[in-house]
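Single-structure report; data block below.
Protein chains in written order, with the numbering used here: chain A, 1 to 282; chain B, 1001 to 1282.
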């Protein structure tokens, strides 16, 4: 007999996975952390009973957060990852020999240690020599930093609990200041379909577009997230995600990806009309 | 106290909707038909406990099955819809004043009658004077017909029960013969993520690409379908979905759509690498 994990995608909508084993359950200073093994998704983990990462579909999220900005500016050398405790975002970044330094600031060390033990598929590259880990509050970490990064990736939970400040106006302003003149900010941007996710999507977008000259949103499908229709924000000081897209330069890296490709790059910025309209009004 | 409806997205993955009311439950000659009312999705119905259509997200499926081919050939006059008992596909087609005739062949009259009563949002245009309804087996209906249609839309259930023959090689061959020289076939093409759906997707694609000179697949997000990542096939004798895309001509119809738009048209054919590779090998 296994054990089941249920996430509420909305008040009256449940997504339930029959797991084979509940292999880890601890409360950190910040949140409840659980790891499960399952037939369908392999190992997966949850924070405060919200599904974060599964072995089966994590490639989608991690490729889409990292390769989109790298294909707009292949000269990115210095990256700051905020959150991203499972290490999947860092893993994708380490595939670029041209990246020189990756700082990862994750508030909850217990998440990282558990992922290193139970989810090596995502966490295995955290020991790369270019990576430095900081177990700190990303909001404090970035405050006061000036023109230090080519790229900031906000790989956060939903805006409740420890992730909340990563959706604040002050935080986005600090990101703007911390970015160099070609800098790009990618942030976890929630989803347009269910009411709660949509509200957070709109709040985030209205803040970011008041700060960055270029502020776009792109979509991708994560089967294990509510509605499957998930978004990242692409904000920058100068670079446009499509006008400045360097298709040929990116292809030269010869990085094999399972979800991202250079056709999908432009396509992911073409949003359904109802999403586009909501974002325009935000 | 409400009632809950659960669909198995995979053997160990459940999607559950807390409904307020179970308003209809009957067995037809072909399948079990159930209608529910729910807070999140409005009225929705299921066939053999597989979710078909919800008031909240039906616009996505119905816009994407109809407007994509209409924007490739805006001169389409004669359309055959096979399946599509909820009427949503016909509703979208009736928005084109240029379409002269729509034949809808649905095997199960009880589905249509129940939708007319409980789901007028989709079924309301079935009385349009250009529409003729046939309650027959689509496989028999199309057999022997020659160069009669500009467009055939296969708006079917999954390939189990009454929908099974609509995924057969002979049926696709009959569609080819029944289409005029500019003809387009759109078919419900399942989904790449969960094993069962993926197998049906590959079987359908391998059959169609052996018959039609042009055979492409496009994607869209249906939040209430397994994984959210759903596909339609676009097959034709001559017209290419992107090279022959008539953006300006379609815009002139001034049809307001909530999901489809002319940017999304091309974008929907850009598939994730893992899907593209599976289809190429099929």
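Every residue gets a Cβ at the ideal spot worked out from N, C-alpha and C, and that includes glycine.
Judged by DSSP secondary structure, residue 1262 of chain B falls within the alpha helix (DSSP H) whose first and last residues are 1262–1267. In summary, the residues of the stretch 1019–1053 of chain B whose CB is separated from some CB of chain A by less than 9 Å are 1019, 1020, 1038, 1039, 1040, 1041, in the order they occur in the chain. As summarised for the stretch 1186–1266 of chain B, the continuous beta strand (DSSP E) elements at least 3 residues long and confined to that stretch are 1214–1221, 1229–1236, given in chain order. Taking residue 147 of chain A as the centre and dropping the five residues before and after it, the same chain places the C-beta of 180 closer than 6 Å to its C-beta, in chain order. Under the three-state reduction of DSSP, residue 1095 of chain B is assigned to coil, being neither helix nor strand. Within chain A, no C-beta atom comes nearer than 7 Å to that of residue 1215 of chain B; the closest sits roughly 17 Å away. For the stretch 99–132 of chain A, the set of positions with a beta-carbon nearer than 7 Å to some beta-carbon of chain B is empty. Considering only B/1243, B/1279, B/1272, the residue with the shortest C-alpha distance to residue 1071 of chain B is B/1243. According to DSSP, residue pairing for residue 1113 of chain B in a beta bridge does not occur. Cβ contact annotation for residue 23 of chain A (same chain, cutoff 7 Å, sequence separation greater than five): 35, 36, 37, 118, in chain order.
For the stretch 8–19 of chain A, the set of positions with a beta-carbon nearer than 9 Å to some beta-carbon of chain B reads 9, 10, 11, 12, 13, 14, 15, 16, 17, 18, 19 in chain order.
Residues of chain B with a Cβ closer than 8 Å to the Cβ of residue 247 of chain A do not exist, since the nearest Cβ in that chain sits about 13 Å away.
Taking all protein chains shown into account, residue 256 of chain A has fewer than 16 neighbouring C-beta atoms within 10 Å of its C-beta and is therefore exposed. Across the set A/212, A/108, A/145, the C-alpha of A/108 shows the shortest separation from the C-alpha of residue 161 of chain A. Per DSSP, residue 14 of chain A is one residue of the beta strand (DSSP E) stretching across 13–27.
Within the stretch 192–220 of chain A, 193, 194, 195, 219, 220 place their CB atoms closer than 9 Å to a CB of chain B, listed in sequence order.
The stretch 1131–1143 of chain B makes no contact with the stretch 1058–1078 of chain B: fewer than 3 CB pairs, one atom from each, lie closer than 8 Å. Here DSSP, grouped into helix, strand and coil, assigns residue 1168 of chain B to coil. In this structure, DSSP gives residue 1127 of chain B a state outside helix and strand, which the three-state scheme calls coil. Minimum Cα-Cα distance from residue 67 of chain A among the listed residues A/168, A/12, A/10, A/253 corresponds to A/253.
Residue 71 of chain A: member of the alpha helix (DSSP H) spanning 58–72, first to last residue.
Contact with chain B is found for residue 228 of chain A, since one of that chain's Cβ atoms lies less than 7 Å from the residue's Cβ. For residue 1145 of chain B, the closest C-alpha among the options B/1227, B/1188, B/1177, B/1275 is that of B/1177.
Of the other Cβ atoms in all chains shown, fewer than 16 fall within 10 Å of the Cβ of residue 210 of chain A; this residue is therefore exposed. Using beta-carbon distances, residue 1257 of chain B counts as an interface residue toward chain A, with a partner under 7 Å. With three or more CB-CB distances shorter than 8 Å, the stretch 1045–1056 of chain B counts as touching the stretch 1153–1173 of chain B.
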